[in-house]
Amino acid sequence: MKKSFLCIATLLFALTLFSQSPKMSPYTNNFISSYKMQKGKSLNKIYGIKTINQADYISAYIYLSPEAIIENLEAEGVIVDADFGRIISVKLPVSCLEKVAALNDVERIEMGTPVYTKMSNARLGSNVDKVYSGEAPLSMPFRGKDVVIGIIDYGFQYDHITFFDAETRSDLRIKRVWNQNATGGTPPVGFSGGREYKTQEEILAAKYDDSTDDIGHGTHVAGIATGAFTGNVYRGVAPEADVALVSYKMDDSSSSNVSISNGIKYIYDYATSVNKPCVVNMSLGMHLGPHDGTSTFDVVCDQMQGEGKLLVGSAGNEGADKVHVEKTLAEGDSLKTFVSFYEPSVRYGMIDIWGEADKTFTVRCVVFKKSTGEEIWSTGDLRATVKRTSFFDITSGAEGRIWVSRERNANNRKGNVVVTIQLNSLTSGNYFGIVVGGNEGSVHIWADDQYSYLASNNVAGWMAGNSSCSVGEIGGTGKRIISVGAWVTNTRYGQSKGQLASFSSRGPTADGRIKPETTAPGKVLASSVPNLLAVVQGMDEATNTSINGVKYYWAYMQGTSMSSPFVTGVLATWLQADKNLTPERVRDVLATTSIKDSYTGTVPNNLWGAGKIDAFNGLLEVIRQTPIEYTYTYPEKLLLYPTVTDGHCEVLCTQSDENMVMTVYNLNGQMVYRKNVGKIFAKETLTMDLSGLAEGVYMVKISGNALSETKRILLQK
Amino acid sequence: MKLLYKLTVCILGIAVLSGCAATKAIPNKFSEKLPETITYSVMFESLWYELGQETAGLKSLSRYQPSDKIVKQYNLQRQEDKIVTVSGYLRKTSAFDATAVGLFGCQITELSDEIVSFTCPVVRLPELLKAEGITGIELPTRIIIRR
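Protein sequences appear in the order of chains A and B. Per our numbering, the first sequence runs over residues 1 to 717. Per our numbering, the second sequence runs over residues 718 to 864.
Here it is in structure tokens:
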């Protein structure tokens, strides 16, 4: 008897404990059961519980019943965050969860689930998810629709699942490809070299730009900007954009600035042909050039950008490298530095030396013997502004050849000397050095940083390289390009979250401009990579998935190569809101809305630019700045007029509908007006009286069973 | 009659051969001085000098192929049909006619009102420099790909 009683009691207790409301999702039911058994910090973290006024709240979606009265929910402490018609997103007190579920106004409650993943950290940190979901006061999601994203890179897999439409998985979003290296085909009209692919069939048939590639850099970059696959959390920033790809011409692991600028032109021309705004990404850079925006490449890029034509580049990965020295010369002064080589067996390097406009200096290349402090070989002093290329065979202390090209640059009137070094051997204890002499003006020296860097070798009077002015040419130095540094969202490769990535290059430019413009997540991001064997064998895999027998991969990478396309995707969502956005307005928006925190310090500065990009608040600012016009276009479904109003608006509906609701949000996301209209008939006019609201921009959402429209109005009294 | 026949054949033969030579031969101009109306980057001048050195003694450039050393040093491109091309930037005025230079195989891409990029067979560079409206020429800079 006793046993039976115990069993029944246990069963009843269990039933009570684990009773499930049919109106709550399984996850929500599990939560309430766990919460009753155990409260505490660990549970808060697992379920994303927030404390508001000393009460525990959770986020959730509530499906409303047809005759729902929102005020009944609000009376139970529910806070409505956003209204999507029959579904509202809310914060509600945990203590009232079951009571709210029992209301006749509620059909179902689905608790929100926290997400803890790598690319998701990056999206969370920059508020990208709010843009993606269209969080209030946005009227809709912004995912880059009707915008062209151009990627100039190398290592593409064109048919990676993430480049297809997320819904259909059969419509390829890559609309144009120019592989500058391909042979046997037709280049684009007006361009030279390579092959253009213009149809889905052609692009899919090509499959890769280079089937021998072993990194997949281009696929990773493109995936960050615009990957659409929703089967994992590595979705890109603007997954509904159209895509145009250019594989730059590759010779000996290098390309040229001319082929890159041709690629930009090609993509902009395509975007113009389809009447869409465009943002192009270049995760590229180098340190040959004046670093002051006057190189021919920077000049043509500045001229190509404009309304609806944006350019984004990686600032560089030389933030911890000894890539640069600078000195302002006085009478009889000199700047001395040694050239060191990353690979002792490959003593190759290119050193670029720039003076000040209309001033001159001399350059002497030497072999220096440390034990005696002597220059045991020298080119002699070469005047920078004498236009000449000279070749020197080294005959003492080392063996090899250098060639020295000198001129006064026609673009900026600065003396420029390029020293190319190829040493076959260098006697131990000897160093290769550069001595710059002059009486006035400042001189900058940059090493290529791929093969060589600048060092003092602990010799008195010789300068070690630094990372000042390390924002590179191509991606960093132009006057209109948006250059992007990188910060840490994932500690996989070290450092702490929120910090500036140690490799992120720094400004200023040689003409004193602050660079980069902004920073974005770049250490470490997971994104798509090609399924080529050489790539798969060498990658740091994040995940893979098989679809229809084909395996697709995602891997981790770091660099301003990753942060740049992140910003490219963000700007695509901004272009969706305003197709006439200019580089100058982007700068204004960045200055106003970027995230400033304990890591960024006072901005703008030469590490962070304007701060950490905020996709959501930046988008709101873009919308706020976009002029609202007086328009009276006859609608397909309904017309709201006037859009510039003193508070009285009318809505003309062209078709019947039921459960009509009119809701108004301010640009801080607060709902400031709501009217349940219920049933309406075709050609019926509804009225709204917003005269009690303050002047400003508001979003008006009108929805019913069939209709769902959002309009923007300006309230002026 | 026989003499007249032979004479006619000889004259016709000379005419044909002269015509062939005129259409096939590309005169070697690399030893000449660069036009002074154009500003040249130092790398372009260097390329011109080295091409002059390599082609010294050649009357025609029709069969000339730049050496691997020159191709690598100046970012030239060997095309499929074995023609070696050179690319770069041109600064130009409104008098510049892209179509005209296209007639001798030079591809022009307009990047802005004042600057175009060009791709041209190396052996046609002297003809390009004679085109009206060019004020500056610059060879490309290598970008070492950052990985």
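For every residue, glycine included, the Cβ atom is placed at its ideal position computed from N, Cα and C. Computed from a prediction, not measured in an experiment: that's the story for all the values here.
Given that residue i touches chain B, what residues does it touch there, using C-beta distances under 7 angstroms?
| i | result |
| --- | --- |
| Leu288 of chain A | Thr858 |
| Asn439 of chain A | Per Cβ cutoff of 7 angstroms: no residues; Asn439 of chain A is ~23 angstroms from chain B at best. |
Starting from residue i, follow the alpha helix (DSSP H) in both directions and report where the run begins and ends.
| i | result |
| --- | --- |
| Glu71 of chain A | Ile70 to Ala75 |
| Glu201 of chain A | Gln200 to Ala206 |
| Asn257 of chain A | Asn257 to Ser273 |
| His720 of chain A | No answer is possible for residue 720 of chain A: it lies beyond the span of chain A, which begins at 1 and ends at 717. |
| Trp574 of chain A | Thr560 to Ala577 |
| Trp765 of chain B | Val759 to Glu771 |
| Gly805 of chain B | No alpha helix (DSSP H) holds Gly805 of chain B; the beta strand (DSSP E) holding it covers Val801 to Lys809. |
| Ser505 of chain A | Note, Ser505 of chain A: premise wrong, no alpha helix (DSSP H); not H, not E. |
| Cys365 of chain A | Cys365 of chain A -> not in any alpha helix (DSSP H); beta strand (DSSP E) instead, spanning Thr362 to Lys369. |
| Phe338 of chain A | Careful: Phe338 of chain A lies outside any alpha helix (DSSP H), inside the beta strand (DSSP E) at Asp333 to Phe341. |
| Ser133 of chain A | Val128 to Ser133 |
| Lys479 of chain A | It is not in any alpha helix (DSSP H) - Lys479 of chain A carries neither H nor E in the DSSP assignment. |
Quick one: is the Cβ of residue i within less than 7 angstroms of any heavy atom of the ligand HEM?
| i | result |
| --- | --- |
| Asn430 of chain A | No copy of the ligand HEM appears in this structure; indeed no ligand is present at all. |
Using the beta-carbon count (16 or more within 10 Å), is residue i buried or exposed?
| i | result |
| --- | --- |
| Glu749 of chain B | exposed |
| Arg406 of chain A | buried |
| His648 of chain A | exposed |
| Thr858 of chain B | buried |
| Ile58 of chain A | buried |
| Lys309 of chain A | buried |
| Ala68 of chain A | buried |
| Leu820 of chain B | exposed |
| Cys737 of chain B | Model confidence at Cys737 of chain B stands at a pLDDT of 46, short of 50, so the residue's coordinates are unreliable and nothing is read from them. |
| Ile52 of chain A | exposed |
| Leu845 of chain B | buried |
| Pro239 of chain A | buried |
| Phe391 of chain A | exposed |
Using a Cβ-Cβ cutoff of less than 8 angstroms, which residues in the same chain neighbour residue i once the five nearest sequence positions on both sides are dropped?
| i | result |
| --- | --- |
| Tyr116 of chain A | Since pLDDT at Tyr116 of chain A reaches only 32, below the 50 mark, its modelled position is unreliable, and the value read off the structure follows with that caveat. Counting only Cβ-Cβ distances below 8 angstroms, and skipping sequence neighbours, we find nothing. |
| Trp377 of chain A | Val366, Val367, Ile394, Thr395, Ser396, Gly397 and Ala398 |
| Ala610 of chain A | Glu517, Thr518, Arg587, Leu590, Ala591, Ser594, Val603 and Pro604 |
| Gly429 of chain A | Lys369, Lys370 and Ser371 |
| Gln782 of chain B | Lys799 and Val801 |
| Leu571 of chain A | Val279, Leu310, Val312, Ile482, Leu581 and Val586 |
| Ala848 of chain B | Phe813, Asp814, Ala817 and Val818 |
Under 8 angstroms between the Cβ atoms of residue i and residue j?
| i | j | result |
| --- | --- | --- |
| Arg195 of chain A | Thr186 of chain A | yes |
| Lys786 of chain B | Asn745 of chain B | no |
| Val535 of chain A | Gly227 of chain A | no |
| Ile264 of chain A | Cys301 of chain A | yes |
| Pro642 of chain A | Gly155 of chain A | no |
| Val94 of chain A | Ile79 of chain A | no |
| Ile445 of chain A | Val325 of chain A | yes |
| Gly319 of chain A | Ser504 of chain A | yes |
| Met282 of chain A | Gly236 of chain A | no |
| His220 of chain A | Tyr552 of chain A | no |
| Ile474 of chain A | Pro583 of chain A | no |
| Ile152 of chain A | Val243 of chain A | no |
| Asp381 of chain A | Thr360 of chain A | no |
Could you list which residues in chain A have their beta carbon closer than 9 angstroms to that of residue i, in chain order?
| i | result |
| --- | --- |
| Gln687 of chain B | The requested residue 687 of chain B does not occur in the structure, where chain B is confined to residues 718 to 864. |
| Leu778 of chain B | Correct list: empty, because the minimum Cβ distance to chain A is about 20 angstroms. |
| Thr772 of chain B | Simply none; closest approach about 18 angstroms. |
Note down, in chain order, every chain B residue with its Cβ under 8 angstroms from the Cβ of residue i.
| i | result |
| --- | --- |
| Asn617 of chain A | Residues of chain B passing the Cβ test: none, with the nearest at roughly 31 angstroms. |
| Leu311 of chain A | Within 8 angstroms Cβ-Cβ: nothing; Leu311 of chain A doesn't reach chain B, min ~13 angstroms. |
| Ile474 of chain A | Ile860 |
Less than 7 angstroms between C-beta atoms, sequence neighbours within five positions excluded: which residues of the same chain meet that for residue i?
| i | result |
| --- | --- |
| Asn412 of chain A | Pro290, Asp292, Thr294 and Ala357 |
| Thr852 of chain B | Ile755, Thr756, Arg808, Lys809 and Thr810 |
| Asp171 of chain A | Phe164 and Asp165 |
| Asp657 of chain A | Ile680, Gly704, Asn705, Ala706 and Leu707 |
Closer than 6 angstroms by C-beta to residue i: which residues in its own chain qualify, once you throw out the five before and the five after it? Chain order, please.
| i | result |
| --- | --- |
| Ser261 of chain A | Phe297 and Val300 |
| Phe616 of chain A | Asn127, Lys130 and Val131 |
| Leu288 of chain A | Asp352 |
| Leu423 of chain A | Arg347, Ala398 and Gly400 |
| Lys596 of chain A | Val603 and Gly611 |
List the residues of chain A that residue i touches, going by C-beta distances under 8 angstroms, in chain order.
| i | result |
| --- | --- |
| Gly805 of chain B | Val258 |
| Thr836 of chain B | Ser192 and Gly193 |
Name the chain A residues that come within less than 7 angstroms of residue i, Cβ to Cβ?
| i | result |
| --- | --- |
| Glu855 of chain B | Thr296 |
What residue range is occupied by the uninterrupted beta strand (DSSP E) comprising residue i?
| i | result |
| --- | --- |
| Asn424 of chain A | Lys414 to Leu426 |
| Lys523 of chain A | Thr518 to Lys523 |
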